[in-house]
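In UniProt numbering, the protein residues as written are 1 to 176.
By construction, the Cβ of each residue, glycine as well, lies at the ideal position given by its N, Cα and C atoms.
Working notes, beginning with the structure itself.
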Ligand code: SF4
Ligand code: SF4
């Protein structure tokens, strides 16, 4: 059996279409006024403007190496982070600390420490597993380069980005 759908009864305003068009234009003009007066900002002028001040404390950006307050590298080249890294972005070559320092025969240090930022997925497992609080994900998210080689952060670059962290750092609680 055929079902008859009744046509809706339109008012005169609806038949004219004009009121609806004017109402739509008013909404557009309202938004235009907000943009022109600076109340609504629709475009961020990246990279001159960045989200940095909006990032939460727990934001996971680029992994970096940190030194302690004496400038000594915290990393003891245990290679746990290299082992745990899911995409195998970390490469470490450990070495002995030279015999004329007090840490000789006590700890090792990385001769080479490289993180391939093309592979890194910013998961934070390296930071979580590190027993020496030597590797931290900083808030830096704009890691760029013109070549694959540039995207491999060597030890020097990792310490430049990481800087110095003093004292004991609590990673996963409110004291961080
Ligand atoms: S953040 Fe994750 S993927 Fe990146 S280096 Fe650390 S463990 Fe590897
Ligand atoms: S960064 Fe931490 S986990 Fe990785 S090798 Fe150094 S001490 Fe070990």
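Going by beta carbon distance, what residues of the same chain come within less than 6 Å of residue i, once the five residues before and after it are set aside?
| i | result |
| --- | --- |
| residue 114 | 91, 152, 154 |
Assuming residue i contacts residue j under a Cβ cut-off of 8 Å, what Cβ separation, rounded to an integer in Å, is found between them?
| i | j | result |
| --- | --- | --- |
| residue 161 | residue 64 | 4 Å |
| residue 81 | residue 135 | 6 Å |
| residue 62 | residue 140 | 5 Å |
Which same chain residues end up closer than 8 Å to residue i when comparing Cβ atoms and leaving out the 5 residues on each side of it in sequence?
| i | result |
| --- | --- |
| residue 86 | 121, 123, 125 |
| residue 19 | 13 |
Which residue wins for smallest C-alpha separation from residue i, given the options the options?
| i | options | result |
| --- | --- | --- |
| residue 47 | 142, 27, 109 | 142 |
| residue 77 | 9, 131, 11 | 131 |
| residue 159 | 66, 27, 38, 127 | 66 |
| residue 93 | 111, 27, 102 | 111 |
| residue 83 | 127, 104, 100 | 127 |
Quick check: the Cα distance between residue i and residue j, rounded to an integer number of angstroms?
| i | j | result |
| --- | --- | --- |
| residue 138 | residue 36 | 36 Å |
| residue 60 | residue 129 | 15 Å |
| residue 146 | residue 30 | 43 Å |
| residue 40 | residue 6 | 44 Å |
| residue 45 | residue 69 | 37 Å |
Within this structure, are the beta carbons of residue i and residue j separated by less than 8 Å?
| i | j | result |
| --- | --- | --- |
| residue 95 | residue 74 | no |
| residue 98 | residue 89 | no |
Excluding five sequence neighbours on each side, which residues of the same chain lie with their C-beta closer than 7 Å to the C-beta of residue i?
| i | result |
| --- | --- |
| residue 17 | none |
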